[in-house]
Amino acid sequence: MNKTTLIARHEFLVTIRRRAFIIFTLAFPLLAIFGILAAQVISGLAKPPAALETVGYIDQAGGFTDFTSQGSVTIKPFTIPGDAQKALLDNSIKEYFVIPPDYLQTGAIQRYTLNRQLDTSGKTEQVIRDFLLGNLLKGKNSQAVIDRVKAPLNMTSIILTASGEVAPNQGGFAAFIIPYIFGLLLLMSIFFSSGYLLQGLGEEKENRVMEILLSSVSARQLLAGKVIGLGAAGLLQVIIWLFSAQFLARYASSTWGAIIGNLQVPAEFLILGTVYFILGYLLFAVLMAGVGAVSPTAREGQQLSTLFTATGVIPLMFMQFIIENPNHVVSQAMTIIPITAPITVMIRLGITEIPMWQIAASIAVMILAIFGCFVLAAKLFRTFLLMYGKRPDFREIMRSFRKA
Amino acid sequence: MLSSVLRLTDFSLEKEAFPIGARAIIALGLKTALMFTVEVNHITKTYGTRAVVNDVSFTVNPGEILGLIGPNGAGKTTTIRMMMDIIQPDSGDIKILGEKLTEASKNSIGYLPEERGLYKKLNIVDSIVYFAALKGMDSQLARKRADDLLKRVEMLPHKNKKIEELSRGMGQIIQVIVTVIHDPKLIILDEPTAGLDPVNAQLLKDMMLELRNQGKTVIMSTHRMNEIEEMCDRILMINHGQTVLYGGIRDIKSKFRGNSVLVEADNLPGEIEGVAERRDHRNATELVLDGKTTPQQLLGWLVTRGITVNRFEIATPSLNEIFIKVAGNGHE
Chain A
764 MNKTTLIARH EFLVTIRRRA FIIFTLAFPL LAIFGILAAQ VISGLAKPPA ALETVGYIDQ
824 AGGFTDFTSQ GSVTIKPFTI PGDAQKALLD NSIKEYFVIP PDYLQTGAIQ RYTLNRQLDT
884 SGKTEQVIRD FLLGNLLKGK NSQAVIDRVK APLNMTSIIL TASGEVAPNQ GGFAAFIIPY
944 IFGLLLLMSI FFSSGYLLQG LGEEKENRVM EILLSSVSAR QLLAGKVIGL GAAGLLQVII
1004 WLFSAQFLAR YASSTWGAII GNLQVPAEFL ILGTVYFILG YLLFAVLMAG VGAVSPTARE
1064 GQQLSTLFTA TGVIPLMFMQ FIIENPNHVV SQAMTIIPIT APITVMIRLG ITEIPMWQIA
1124 ASIAVMILAI FGCFVLAAKL FRTFLLMYGK RPDFREIMRS FRKA
Chain B
15 MLSSVLRLTD FSLEKEAFPI GARAIIALGL KTALMFTVEV NHITKTYGTR AVVNDVSFTV
75 NPGEILGLIG PNGAGKTTTI RMMMDIIQPD SGDIKILGEK LTEASKNSIG YLPEERGLYK
135 KLNIVDSIVY FAALKGMDSQ LARKRADDLL KRVEMLPHKN KKIEELSRGM GQIIQVIVTV
195 IHDPKLIILD EPTAGLDPVN AQLLKDMMLE LRNQGKTVIM STHRMNEIEE MCDRILMINH
255 GQTVLYGGIR DIKSKFRGNS VLVEADNLPG EIEGVAERRD HRNATELVLD GKTTPQQLLG
315 WLVTRGITVN RFEIATPSLN EIFIKVAGNG HE
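In structure tokens:
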């Protein structure tokens, strides 16, 4: 086993035994289980009682006699307002409404209820609306026309390619949510893994292990071993999350199950997702390694690293813009800029077809950035890893790039 | 001098006094026998405008212990780090075991840095095995050797304890084991006994002497002059980044020997011929000679006067006194 592999194995084993790693890895599925259970309990509580509701009405305009059964609601006619009010007060009806004589001119309806509400509930409004529509259109139109007037739009969009064929990626919620979730997981995993790298470096500095390590291996071997080992731990974390998500989907409620069941992950997305996960992680890891090298303690390293992590989440801040303008020059620029590329590509993939040249350019720029940052981070490693308790200034860092 | 020996050897071989094969074998054997374990040539390291190490050269022979001494900030640790290729010199070159430091030759070095520590969450035996593996040692063999070494320092029953559970002294002994676990040819120890109690310090000194007896080369940096006198064959003293003393301890001491003798005698007279100054110590009297009188003449003078001399010794300064004198001069 070569030294880089040895370090990678050591880092991997140390990381997966860390309490924080175990907690965060298990937290995601546990929170999901909790969420599913909570959703089921809440939806159970919110379900309407099995008993049918009755709503009263007084027809002063005339002609509103049919369509008195609207799903679970029965609409009961009253002729005298006092009877309707009495029925409301003794709870034999839930509420009642009055259709005044000038209804056709004004559209005004009075509703009487015992409940204090900010506004009429959507369900009540729908029931009264359907009752009125049905009665207004009856006799003049077929039932089909009445139904269409009630729900005139059920639109499906079909996206075509430039050659006029139906595009394989039709977008929509299902196509968007997977890249979005994957992007979030990617971001979390990148931040956790590179955070462990930073923490490990800080601890090694504080424990004074660094010089013993550097007497056995080169700065590059040490850096490469750490990045690979911690990357493997991050990948393991994502795999556990994805597997647990698939497992949990089976136990989710029927609504959740239907949503998740409709989600299909295109092969193209899986491949690009994996590529950008690896590239994104490598980029952040070498950046964090550089930060770790120049930071005297783990805590200072964490503070300094927010400079990069904050930049990494910029695509999430611009998400609304990217979703509405996936091919805007800003979205394209964020696809090419290495630090914003992984998340931007994940978001855009669910919305639009990203031109091949942009993907190729983005990957090429990321690889160059990773290589460049690795070389610079190795120089920082060599120069500053043995600098205990002192943070180098900008001039010293620049000098180390030239000299080391 | 060694270079001239080698040149002389090469010259003799060119004379074709031996067949080609024999010449090659002899040349290889001589070079191996005469090869320095460490050869440092004119190394310099500058940070900003300050030369932390300035044109330092020295060699270390196989099987010897070299003491590296100097005041704080003199450049000792920087010199050691350059030898370990942890930092690179601005100029000059370093050869370890006859070649520039490579991955393979790194495996032949055991290094105990001044700023040292271990992974606190790992247990003792896993720590030792991990660092041994980084030195290219087989894990099974490392585990077995770790058991042997732990047994020797009576820590075998604690081998599954976490490093964070150990006392500072015990941790330091584990670090020494990490340094020698892979049976290195060269051992570099930076302040090895700092923080150790006398029992553990003696244990460490015994280990080092045993390593020397096994033919290992040891470079030891310390501030404890008694340890240097006890253990080292030669010393290199650095001050302000420059070599100020370099050589065998006896040679250096004789170089710093003053013109005085220590005498223990009954009824030592107040006036002694040839003595410029007299200093009374607790167990002896130091007589500083006037420059014209030799110690032999002084002894003769005392004996002829019937004075019973119990002890007569040419006064040589201790290494500590030499250190203070040289380091003090450097400060002035």
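Same order as they appear, the protein sequences are chains A and B.
In terms of this note's numbering, the first sequence opens at residue 764 and continues consecutively.
In terms of this note's numbering, the second sequence opens at residue 15 and continues consecutively.
For each residue, glycine too, the CB sits at the ideal point set by N, CA and C.
| Query | Result |
| --- | --- |
| Residue closest to residue 1061 (chain A), alpha-carbon to alpha-carbon, out of A:1084, A:969, A:1091 and A:842 | A:969 |
| Closer than 7 Å at the beta carbon, the chain A residues around residue 147 (chain B) | 769 |
| Burial state of residue 54 (chain B) (16 or more Cβ within 10 Å) | buried |
| Residue nearest to residue 1130 (chain A) in terms of C-alpha spacing, selected from A:973, A:780, A:1117 and A:1042 | A:1042 |
| Short CB-CB distance (under 8 Å) between residue 766 (chain A) and chain B | yes |
| Extent of the continuous alpha helix (DSSP H) run through residue 262 (chain B) | Counting along the chain, residue 262 (chain B) falls outside any alpha helix (DSSP H), though it belongs to the beta strand (DSSP E) covering 256-262. |
| Interface partners of residue 54 (chain B) on chain A, CB under 7 Å | Result: empty, since nearest Cβ-Cβ is about 17 Å, beyond 7 Å. |
| 8 Å Cβ cut-off: residues of chain B touching residue 971 (chain A) | 127, 129, 130 and 131 |
| Rounded C-alpha distance that separates residue 352 (chain B) from residue 770 (chain A) | A query on residue 352 (chain B) cannot be resolved here, the shown segment of chain B reaching from 15 to 346 and no further. |
| Any C-beta of chain B under 8 Å from that of residue 980 (chain A) | yes |
| Residue-chain proximity (residue 339 (chain B), chain A), Cβ-Cβ < 8 Å | no |
| Buried or exposed (CB count within 10 angstroms, at least 16 for buried), residue 1120 (chain A) | exposed |
| Beta-carbon spacing of residue 199 (chain B), residue 231 (chain B) below 8 Å | yes |
| Residues, ordered as in the chain, of the segment 773-804 of chain A that lie near chain B by beta-carbon distance below 7 Å | 773 |
| One or two residues paired with residue 866 (chain A) in a DSSP bridge | Per DSSP, none; premise fails for residue 866 (chain A). |
| Proximity winner among A:819, A:787, A:772 and A:902, relative to residue 826 (chain A) (alpha-carbon distances) | A:902 |
| Residue from A:867, A:1123, A:962 and A:1140 whose Cα sits closest to the Cα of residue 781 (chain A) | A:962 |
| Beta-carbon neighbours of residue 134 (chain B), restricted to chain A and to distances below 7 Å | 970 |
| Cβ contact check for the segment 999-1009 of chain A and the segment 787-801 of chain A: 3 or more pairs under 8 Å | yes |
| Residue 58 (chain B) vs residue 67 (chain B) beta-carbon contact at 8 Å | yes |
| Within-8 Å CB hit, residue 222 (chain B) to chain A | no |
| Residue 201 (chain B) beta carbon less than 8 Å from that of residue 978 (chain A) | no |
| Residues that residue 977 (chain A) contacts on chain B, provided the C-beta gap is smaller than 8 Å | 98 and 100 |
| Entirely enclosed beta strand (DSSP E) segments - the segment 847-931 of chain A, minimum 3 residues | 858-862 and 873-876 |
| Per-residue contacts from residue 746 (chain A) into chain B (C-beta, under 9 Å) | Only positions 764 to 1167 of chain A appear in the structure, and residue 746 (chain A) is not among them; the question remains open. |
| Pairwise C-alpha distance: residue 336 (chain B) and residue 83 (chain B) | 11 Å |
| Residue 987 (chain A) classed as buried or exposed, judged by whether at least 16 other C-beta atoms fall within 10 angstroms | buried |
| Closest Cα partner of residue 255 (chain B) within the set B:75, B:286, B:86 and B:184 | B:86 |
| Local Cβ density within 10 Å of residue 870 (chain A), reported as buried at 16 or more and exposed below that | exposed |
| Chain-ordered chain A contacts of residue 192 (chain B) [CB-CB under 9 Å] | 975 |
| Where residue 189 (chain B) falls: helix, strand or coil (DSSP) | helix |
| Option in B:180, B:137 and B:308 with minimal Cα separation from residue 8 (chain B) | Shown here, chain B extends from 15 to 346; a query on residue 8 (chain B) therefore has no answer. |
| Anticipated Cβ contact below 8 Å, residue 204 (chain B) with residue 126 (chain B), distance rounded | 6 Å |
| Contacts that residue 144 (chain B) makes with chain A (C-beta to C-beta distance below 7 Å) | 773 |
| Where residue 283 (chain B) falls: helix, strand or coil (DSSP) | coil |
| Chain A residues whose Cβ lies nearer than 9 Å to that of residue 110 (chain B) | Correct list: empty, because the minimum Cβ distance to chain A is about 12 Å. |
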